[in-house]
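Worksheet for the structure shown next.
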Amino acid sequence: TSLSYGNRGERYVHIEVGHAGQNIYLQATALGLATVAIGAFNDEQVREVLQLDKQYKPLYIMPVGESARD
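In the numbering used here, the protein residues as written are 5 to 74.
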């Protein structure tokens with residue numbers, strides 16, 4: 005994205021992540037499932053658990069499953 009949009013690229017990435025998150029919410033609901041967006045997490049721990057290189061920056065965690073209220 006930065007190659008196309010320069011300095012504004014990082015802003016656009018965050019906007020796109022929001023759009024993807026919204027689609028996950030909508031699809032989970034359509035399937036009778038639940039999800040929640042989590043932004044308060046330790047980047048290093050997420051990278052370690054997912055075995056990601058340091059070049060990757062986790063922005064959102066969205067677990068999907070059955071609602072605890074059901």
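For every residue, glycine included, the Cβ atom is placed at its ideal position computed from N, Cα and C.
Other residues of its chain near residue i: CB distance less than 8 Å, five sequence neighbours each side excluded
| i | result |
| --- | --- |
| Y60 | R51 |
Sheet register partners of residue i (DSSP bridge)
| i | result |
| --- | --- |
| I42 | I65 |
Nearest-angstrom Cα separation, counted from residue j out to residue i
| i | j | result |
| --- | --- | --- |
| V40 | L7 | 31 Å |
| T73 | L37 | Checking the sequence shown, residue 73 turns out to be Arg, not Thr. Taking the straight line from one Cα to the other gives about 11 Å. |
| G10 | A24 | 22 Å |
| P62 | Q26 | 17 Å |
| R12 | G43 | 21 Å |
| G69 | L30 | 13 Å |
| Q49 | M66 | 16 Å |
Cβ-based neighbour list, residue i, same chain, cut-off 7 Å, excluding 5 preceding and 5 following
| i | result |
| --- | --- |
| D57 | none |
| task | Would you check if the stretch 40 to 56 and the stretch 12 to 20 touch, i.e. whether three or more CB-CB distances between them fall below 8 Å? | result | no
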